[in-house]
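Participant: To start, I am sharing the structure in question, which I have written as structure tokens.
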Amino acid sequence: MRIVGYLMTGIFFGIVMFKSEAASWFRIYEMFQFDSFHMYGIMGSALVLGVLGVQLIKKKNLKDFDGKDIHITPKPKEYKANIFGGIVFGLGWALAGACPGPIYTLIGAGYISVIVVFLAAILGTFVYGLLKDKLPH
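Number 979 in my numbering belongs to position 86 of the sequence shown; there are no gaps in the numbering.
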């Protein structure tokens, strides 16, 4: 029964992404050209809400739906890997005009050509899996 809740949350998220134009290729292009604050506002507000949410979880010792403690493990600071990964991710995002979240939203909205971008993202994930041991981690 829980899967229905997840499905409804995903559908709601997709509608919000589409209606806020966060899945719009034009808005993403505007962002990379520094022509508009629209996408930076969306990402900035998501960042602020995420930070506040994590701090709330830590301060109030909140539990998950099953009543278990939520443990947030600190990640190691791997600057070289993060910079390299960020550059590759950013280039893919700029070339495709969509990051992973909007890909699903755009397919759901009927933009069939985005299936090519989806397949390329899957291929990129597969290639990463093959090269993972050779990359800096």
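Glycine included, every Cβ here is placed at the ideal spot set by N, Cα and C.
1) Ends of the alpha helix (DSSP H) at Gly960?
2) Grab me the residues of Thr902's own chain with a C-beta within less than 6 angstroms of its C-beta, minus the 5 sequence neighbours each way, in chain order.
3) Where do the ends of the alpha helix (DSSP H) carrying Ala989 lie?
4) Three or more C-beta pairs under 8 angstroms: does that hold for the stretch 901-921 against the stretch 991-1009?
5) Below 7 angstroms between beta carbons: does that hold for Ala989 and Val1010?
6) What do you get for Met936, buried or exposed, if any count of 16 or more other CB atoms within 10 angstroms of its CB means buried?
7) Per DSSP, what kind of secondary structure is Lys1027 in: helix, strand or coil?
8) Pick out whichever of Tyr1021, Leu1028, Phe1019 has its Cα sitting closest to the Cα of Tyr972.
Facilitator: So, from the listed chains and residues:
1) Where Gly960 is concerned, there is no enclosing alpha helix (DSSP H), given that its DSSP letter is neither H nor E.
2) none
3) 972-989
4) yes
5) yes
6) exposed
7) helix
8) Leu1028
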